[in-house]
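Each remark here refers to the structure printed beneath this line.
Protein chains: 2
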Amino acid sequence: MFKLNKTLAKDTFEICDLKLCKVLLMNDQNYPWLILVPRIKDITDLHHIPMADQADLMNEISKVSHALEKVTSPKKLNVAALGNIVSQLHIHIIARFENDAAWPAPVWGKTPAVLYSSDMSNELVKNLKVELN
Amino acid sequence: MFKLNKTLAKDTFEICDLKLCKVLLMNDQNYPWLILVPRIKDITDLHHIPMADQADLMNEISKVSHALEKVTSPKKLNVAALGNIVSQLHIHIIARFENDAAWPAPVWGKTPAVLYSSDMSNELVKNLKVELN
Numbered sequence: 451m452f453k454l455n456k457t458l459a460k461d462t463f464e465i466c467d468l469k470l471c472k473v474l475l476m477n478d479q480n481y482p483w484l485i486l487v488p489r490i491k492d493i494t495d496l497h498h499i500p501m502a503d504q505a506d507l508m509n510e511i512s513k514v515s516h517a518l519e520k521v522t523s524p525k526k527l528n529v530a531a532l533g534n535i536v537s538q539l540h541i542h543i544i545a546r547f548e549n550d551a552a553w554p555a556p557v558w559g560k561t562p563a564v565l566y567s568s569d570m571s572n573e574l575v576k577n578l579k580v581e582l583n
Numbered sequence: 451m452f453k454l455n456k457t458l459a460k461d462t463f464e465i466c467d468l469k470l471c472k473v474l475l476m477n478d479q480n481y482p483w484l485i486l487v488p489r490i491k492d493i494t495d496l497h498h499i500p501m502a503d504q505a506d507l508m509n510e511i512s513k514v515s516h517a518l519e520k521v522t523s524p525k526k527l528n529v530a531a532l533g534n535i536v537s538q539l540h541i542h543i544i545a546r547f548e549n550d551a552a553w554p555a556p557v558w559g560k561t562p563a564v565l566y567s568s569d570m571s572n573e574l575v576k577n578l579k580v581e582l583n
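Protein chains in written order, with the working numbering: chain E, 451 to 583; chain L, 451 to 583.
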């Protein structure tokens with residue numbers, strides 16, 4: 451059975467479950483940063499997604515990207531499946547701004563996370579839920 | 451009309467054209483590193499891919515990933531659409547190894563590129579073409 455990786459669970463807030471993926475908000479106010487986790491057991495790499503789930507994954511990446519864009523109006527989005535440290539397949543969708551803490555570099559390893567206050571994370575989760583429902 | 455970005459052209463070797471994407475080999479022997487460029491004019495972000503092309507893109511990411519895995523036998527693959535500097539939409543597919551120059555960090559900005567000799571790049575391009583045809 452699928453079980454969310456403990457590090458992903460610890461570092462994020464749950465937004466919702468789509469048909470294939472769990473949608474999470476990374477607890478880092480440096481960047482509006484969502485994570486999609488396909489609810490498939492023991493999968494680590496994007497190209498190991500079963501053929502039957504590929505269309506759903508692409509749809510959900512697109513849907514979540516549009517929601518994040520609507521809510522945060524970024525310069526652009528960065529989308530990535532890395533997983534060198536946390537091996538459970540997860541797809542980062544990150545809203546990037548020309549004045550953010552890492553621009554124009556990728557966000558990983560650039561600067562320590564700045565945690566949200568509960569008011570801030572609740573507000574963002576609420577707004578994203580509205581767009582995703 | 452679609453035209454390949456000059457920086458992408460300069461930094462890579464052409465492997466082949468699939469139905470939607472141009473497939474390129476990054477000129478950096480630190481990592482076996484492919485780049486897919488959808489031949490669509492003026493597109494910068496993954497979620498702006500037309501619905502009609504989404505299935506082709508996902509198929510080609512999967513096909514190219516399997517080819518790269520077959521030819522290089524990596525620990526895992528990293529897949530990413532970033533484009534903060536080169537805005538033309540391009541998808542990185544990078545073979546990662548536990549003893550590579552950046553492991554376990556993402557590859558960007560970690561270490562200067564080490565260029566291939568022509569023998570090395572020709573051999574890799576040839577082997578990848580075999581897998582992709």
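Ideal Cβ placement from N, Cα and C applies to all residues, glycine included.
All values reported here derive from a predicted model rather than from experimental measurement.
For the alpha helix (DSSP H) containing residue i, list its first residue and its last residue.
i, result
"Met-570/L", "568-582"
Who pairs with residue i in a beta bridge, going by DSSP?
i, result
"Ala-545/E", "Leu-527/E"
"Thr-462/E", "Met-476/E"
"Asp-467/L", "Lys-472/L"
Throw me the rounded Cβ distance for the residue i and residue j pair, which I believe falls under 8 angstroms.
i, j, result
"Asn-477/E", "Ser-571/E", "7 angstroms"
"Ala-555/E", "Trp-558/L", "7 angstroms"
"Val-536/E", "Leu-458/E", "6 angstroms"
"Val-575/E", "Phe-463/E", "6 angstroms"
"Glu-581/L", "Ala-517/L", "4 angstroms"
"Lys-453/L", "Asn-534/E", "Actually they do not touch by this definition, with Cβ atoms about 34 angstroms apart."
"Lys-579/L", "Ile-465/L", "6 angstroms"
"Asn-455/E", "Gln-538/E", "4 angstroms"
"Met-451/L", "Met-508/E", "Their Cβ separation, rounded to whole angstroms, is 26 angstroms, which puts Met-451/L and Met-508/E out of contact at 8 angstroms."
"Pro-562/E", "Thr-522/E", "The Cβ separation is near 21 angstroms, so there is no contact."
May I ask you to check if the CB of residue i is nearer than 7 angstroms to at least one heavy atom of the ligand ATP?
i, result
"Asp-550/E", "Only the bare structure without any ligand can be found here, which leaves the ligand ATP out of the picture."
With a cut-off of 8 angstroms, do at least 3 Cβ pairs link the region 538-549 of chain E to the region 480-488 of chain E? With the cut-off at 8 angstroms, the region 538-549 of chain E and the region 480-488 of chain E touch.
Length-filtered (3 minimum) beta strand (DSSP E) runs lying within the region 483-537 of chain L: If we require 3 residues or more, the beta strand (DSSP E) runs fully inside the region 483-537 of chain L come out as 483-488 and 526-531.
Three or more C-beta pairs below 8 angstroms linking the region 496-509 of chain E and the region 505-524 of chain L: Two segments are said to touch when three or more pairs of C-beta atoms, one from each, lie closer than 8 angstroms; by this definition the region 496-509 of chain E touches the region 505-524 of chain L.
Looking at C-beta atoms only, is the number of pairs between the region 544-554 of chain L and the region 546-555 of chain E that lie closer than 8 angstroms three or more? Verdict: no, contact absent.
At least 3 beta-carbon pairs within less than 8 angstroms: the region 520-530 of chain E vs the region 518-536 of chain L: Segment contact: the region 520-530 of chain E against the region 518-536 of chain L, three or more CB-CB distances shorter than 8 angstroms; contact assigned.
Near-chain A residues of the region 499-516 of chain L - C-beta to any C-beta below 9 angstroms: In the displayed structure, chain A is absent; the protein chains listed are E and L.
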